[in-house]
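Those sequence lines, one after another, are chains G and E.
Note that the working numbering has the first sequence beginning at 66, numbered continuously upward.
Note that the working numbering has the second sequence beginning at 130, numbered continuously upward.
Each remark here refers to the structure printed beneath this line.
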Amino acid sequence: NAGVTQTPKFRILKIGQSMTLQCAQDMNHNYMYWYRQDPGMGLKLIYYSVGAGITDKGEVPNGYNVSRSTTEDFPLRLELAAPSQTSVYFCASSYSRPGAGNEQFFGPGTRLTVL
Amino acid sequence: QKEVEQDPGPLSVPEGAIVSLNCTYSNSAFQYFMWYRQYSRKGPELLMYTYSSGNKEDGRFTAQVDKSSKYISLFIRDSQPSDSATYLCASQAAGNKLTFGGGTRVLVKP
């Protein structure tokens, strides 16, 4: 199993450009998540999905969009890149049951710089 | 006030020492508690996962949860230079999202 994979590893964008960060998992997990991590800070949840076709906002969703058309894939879209979106983005997945805890498995991250 | 608080460190210890890491949390609904290890420029990896109060041991790692004082601890025995990393605590209410602390950077010196 590859686990959670993310592409690209690095990207530099100009202000106003858009891009899609790709995330895929091969563990048949129902839940998937997108986080951002700023230097010296913990992880902040951007969006999450509890299954194909279902997404919901996290703590910091502004400036981002997501879709979940399959169980495996959960792309994150930045429409109009801003310097405040310079960060490291992590995708994660978990198998979760209602009312239970869940262990999240993380991808290697995408390091994004907006200039 | 952040829901999960963690001293950012850095925490520097000599090789072989015990590393003691702590978090406090404010949400009484949290029932699940995790520790993640994150090496520089890598994604977090799950180290320990505990439910409710009590201790859990896995090799050199011991996790403790005291729900009465809302205190989470991780101990690393016989620390190695390879333990140098940032350690993130996380808490969760049943069926809810994880809330992470800011992470503590640990440096184990040979």
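Cβ atoms here follow ideal geometry from the backbone N, Cα and C, with glycine treated the same way.
Spanning the alpha carbons of K109 (chain G) and T233 (chain E) requires a straight line of approximately 16 Å. Under the three-state reduction of DSSP output, D195 (chain E) falls in the strand class. With contacts defined as CB atoms closer than 8 Å, Q169 (chain G) and S158 (chain G) qualify as a contacting pair. Using a CB distance cut-off of 8 Å, Q87 (chain G) does not count as an interface residue toward chain E. Ranked by Cα distance from Y168 (chain E), the options E:S211, E:N225, E:F229 and E:A222 are led by E:S211.
About 5 Å separates the Cβ atoms of D91 (chain G) and N66 (chain G), confirming a contact at the 8 Å cut-off.
Uninterrupted beta strand (DSSP E) stretches at least 3 residues long and entirely within the stretch 136 to 181 of chain E occur at 140 to 143, 148 to 154, 159 to 167 and 174 to 180, given in chain order.
The beta carbons of Y165 (chain E) and L175 (chain E) sit closer together than 8 Å. Residue contact with chain G for K171 (chain E): present (Cβ-Cβ distance below 8 Å to some residue of chain G).
Residue burial is scored here from C-beta neighbours: A219 (chain E) has at least 16 other C-beta atoms within 10 angstroms and is therefore classed as buried. A distance below 7 Å between beta-carbons, with the five flanking residues on each side excluded, links F155 (chain G) to the following residues of its chain, in chain order: Y100, Q102, L108, F171, G172 and G174. Under the DSSP definition of a beta bridge, R133 (chain G) lacks any partner.
Under the 8 Å criterion on CB atoms, L141 (chain G) is classed as non-interfacial with respect to chain E. Among the residues of chain G, those whose CB is under 9 Å from the CB of L175 (chain E) are E168, Q169, F170 and F171, following chain order. Look at the stretch 179 to 207 of chain E: the residues with a C-beta under 7 Å from a C-beta of chain G are Y180. A direct Cα-Cα distance of roughly 44 Å separates Q209 (chain E) from Q82 (chain G).
Taking 8 Å as the cut-off, the beta carbon of V69 (chain G) is found no closer than this to the beta carbon of Y96 (chain G).
When Cβ-Cβ separations below 8 Å define contact, L217 (chain E) makes contact with chain G. One thing to note: Q193 (chain E) has its Cβ within 8 Å of the Cβ of S202 (chain E). Per DSSP, the beta-bridge partners of Q221 (chain E) are E:Y161 and E:L227. With a threshold of 8 Å between beta carbons, G138 (chain E) makes no contact with chain G.
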